Amino acid sequence: MRYNKYLKWFGVASTIGMLLILLGGALVTKTDSGMGCGRHWPGCNGQLIPDEITAEVLIEFSHRLVTGAVGILIVILAVWSWKAIGHIRETKLLSFLALFFLILQALIGAAQVLWGQGDFILALHFGISLISFSSVLLLTLLVFEVDKKYDADKLKIGKTMKFHTIGVTIYSYIVVYSGALVRHTESELSCTDWPMCRNGDFTLPANFWEWVQMGHRTAAALIFIWLGIIAIHAFRNYKNQRVIFWGWIIAFGLVSLQVMSGAVVIFTRLNLYIALLHSLFVTLLFGLLTYMVLLVSRSKRK
Numbered sequence: 007m008r009y010n011k012y013l014k015w016f017g018v019a020s021t022i023g024m025l026l027i028l029l030g031g032a033l034v035t036k037t038d039s040g041m042g043c044g045r046h047w048p049g050c051n052g053q054l055i056p057d058e059i060t061a062e063v064l065i066e067f068s069h070r071l072v073t074g075a076v077g078i079l080i081v082i083l084a085v086w087s088w089k090a091i092g093h094i095r096e097t098k099l100l101s102f103l104a105l106f107f108l109i110l111q112a113l114i115g116a117a118q119v120l121w122g123q124g125d126f127i128l129a130l131h132f133g134i135s136l137i138s139f140s141s142v143l144l145l146t147l148l149v150f151e152v153d154k155k156y157d158a159d160k161l162k163i164g165k166t167m168k169f170h171t172i173g174v175t176i177y178s179y180i181v182v183y184s185g186a187l188v189r190h191t192e193s194e195l196s197c198t199d200w201p202m203c204r205n206g207d208f209t210l211p212a213n214f215w216e217w218v219q220m221g222h223r224t225a226a227a228l229i230f231i232w233l234g235i236i237a238i239h240a241f242r243n244y245k246n247q248r249v250i251f252w253g254w255i256i257a258f259g260l261v262s263l264q265v266m267s268g269a270v271v272i273f274t275r276l277n278l279y280i281a282l283l284h285s286l287f288v289t290l291l292f293g294l295l296t297y298m299v300l301l302v303s304r305s306k307r308k
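Each residue of the sequence shown is one higher than the last, beginning at 7 in my numbering.
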């Protein structure tokens, strides 16, 4: 139908917009631009549009503008999807989640600007945005009827793969939170070697910042191993179901890029572009994992 054609464009625009919000938020954090507009929200330094533009003001104010514009797109996408494809069982839930978590991450950002927040609360910000991104991504995939192209309702997935899919997706959120905690506690260079905090020294971390850094590295190593095990399981048992097979092969590729970019961030002493790639890879990985959960929910038992 013609209205679905335009709905698809809204879905693509909203998905790209959410990706820009996530990367913009990471840029704000990594450049210490969170206070670029001072203790003012939604205005900037007491003005609706700031007249004095510094790098910090530009980054923070641009992030707010993008969030506002994309928020409007997501509201339209959610309402339109509800009416157009509301008969698909996941549509209404995904529409609600996309809106709810977008508003929640905006409120947390505003609260940080106005009153300040603790590092452990701020670390939730990226993860909440991830949920909103994944909801928009899945909603867009439903609009494009990707699940029908892969006959998702005819997939046969065993209990082992279902356990791995749900388990690793939940665990990935823990990894994301630990990575955000590294940034917000400024623990990135508490360990200047890789993969150990100090290569050749197998002692326990010496302070809070080293514990945060090594805790994240350990969590990342475990998800790398876990996704490797799942990829092998998919290779052995799901070659005839290409969406499952390639989904997990790509997931392992993304987590490999995630680990490598994390190491390069340390080697380059927090190169901004590599750090943003690090955020991009985990965003794409989480989106893919949530799609695999959707497939599991549609599948029959093998």
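Beta carbons are placed, not taken as given, at the ideal position from N, Cα and C, and that holds for glycine.
Note that the structure is a prediction, hence the values are computed from the model and not measured.
In the DSSP assignment, find the unbroken alpha helix (DSSP H) run with residue i in it and report its ends.
i, result
"Met202", "Careful: Met202 lies outside any alpha helix (DSSP H) and carries neither H nor E."
"Ser39", "Premise fails: Ser39 is in no alpha helix (DSSP H) and is neither H nor E."
"Trp217", "Phe214 to Asn243"
"Gln118", "Thr97 to Leu120"
"Arg275", "Where Arg275 is concerned, there is no enclosing alpha helix (DSSP H), given that its DSSP letter is neither H nor E."
"Leu83", "Ala61 to Ala90"
"Ser135", "Leu130 to Val149"
"Thr166", "Lys165 to His190"
Assign residue i to buried or exposed, taking buried as 16 or more other Cβ atoms, counted over all protein chains shown, within 10 Å of its Cβ.
i, result
"Thr296", "buried"
"Glu192", "exposed"
"Gln111", "buried"
"Ala84", "buried"
"Ala116", "exposed"
"Gln53", "exposed"
"Phe126", "exposed"
"Ile65", "buried"
"Phe292", "buried"
"Thr73", "buried"
"Ile235", "exposed"
"Ala32", "buried"
"Thr274", "exposed"
"Arg248", "exposed"
"Phe241", "exposed"
"Thr60", "exposed"
"Tyr279", "exposed"
"Trp254", "buried"
"Gly40", "buried"
"Phe107", "buried"
"Tyr244", "buried"
"Leu276", "exposed"
Who are the Cβ neighbours of residue i in its own chain at under 6 Å, not counting the five residues just before and after it?
i, result
"Leu263", "Phe287"
"Trp200", "Ala269 and Ile272"
"His46", "Gly52"
"Thr146", "Gly17 and Thr21"
"Leu100", "Ser141, Leu144 and Leu145"
"Ile238", "none"
"Leu233", "Ala257, Phe258 and Val261"
I'd like the list of long-range same chain contacts for residue i, defined as Cβ closer than 7 Å, with 5 residues on each side in sequence excluded.
i, result
"Gly133", "Tyr179, Val182, Tyr183 and Ala186"
"Val299", "Thr171, Ile172 and Thr175"
"Ile94", "Leu148"
"Cys50", "Cys43, Pro56, Val63 and Phe67"
"Ile27", "Val72, Thr73, Val76 and Ser135"
"Arg223", "Pro201"
"Glu216", "Ser196, Cys197 and Cys203"
"Lys308", "Residue placement at Lys308 is flagged as unreliable, the pLDDT there being 48, under the threshold of 50; a coordinate-derived value is accordingly withheld."
"Leu29", "Leu282, Ser285 and Leu286"
"Leu104", "Residue identity check: residue 104 is Ala in the sequence provided, not Leu. So the list reads Ile80, Ala84, Ser138, Ser141, Val142 and Leu145, once near-sequence residues are dropped."
"Met7", "With a pLDDT of 48 at Met7, under the threshold of 50, the modelled position of this residue cannot be trusted; read the value that follows with caution. Hits under 7 Å: none found."
Where DSSP assigns a beta bridge to residue i, which residues make up the other side?
i, result
"Gln53", "Cys50"
"Asp207", "Arg204"
Beta-carbon within less than 8 Å of residue i's beta-carbon, same chain only, minus the 5 sequence neighbours each way: which residues are those?
i, result
"Val302", "Ile163, Met167, Lys168, Thr171 and Ile172"
"Ser219", "As written in the sequence, residue 219 is Gln, which differs from the Ser given in the question. Answer for Gln219: Val188, Ser193, Glu194, Ser196, Cys197, Cys203 and Pro211, listed in chain order."
"Thr97", "Ser87, Trp88, Ile91, Leu145 and Leu148"
"Leu290", "Leu260"
"Leu128", "Ile114, Gln118, Ala186 and His190"
"Thr37", "Ala61, Glu62, Ile65 and Leu278"
Would residue i pass as an interface residue toward chain B - the criterion being a Cβ-Cβ separation below 8 Å?
i, result
"Tyr297", "Annotation note: the requested chain B is absent from the structure, which comprises a single protein chain."
Meets three-Cβ-pair contact criterion under 8 Å: the region 65–82 and the region 14–22: Yes: at least three Cβ pairs fall under 8 Å.
contact_flag[the region 199–216, the region 129–139] where n(CB pairs < 8 Å) is 3 or more: Output reads no: the region 129–139 does not touch the region 199–216.
Touch test, the region 228–235 against the region 248–264, Cβ-Cβ under 8 Å, three pairs minimum: Touching, yes, given that three or more Cβ pairs across the two stretches are closer than 8 Å.
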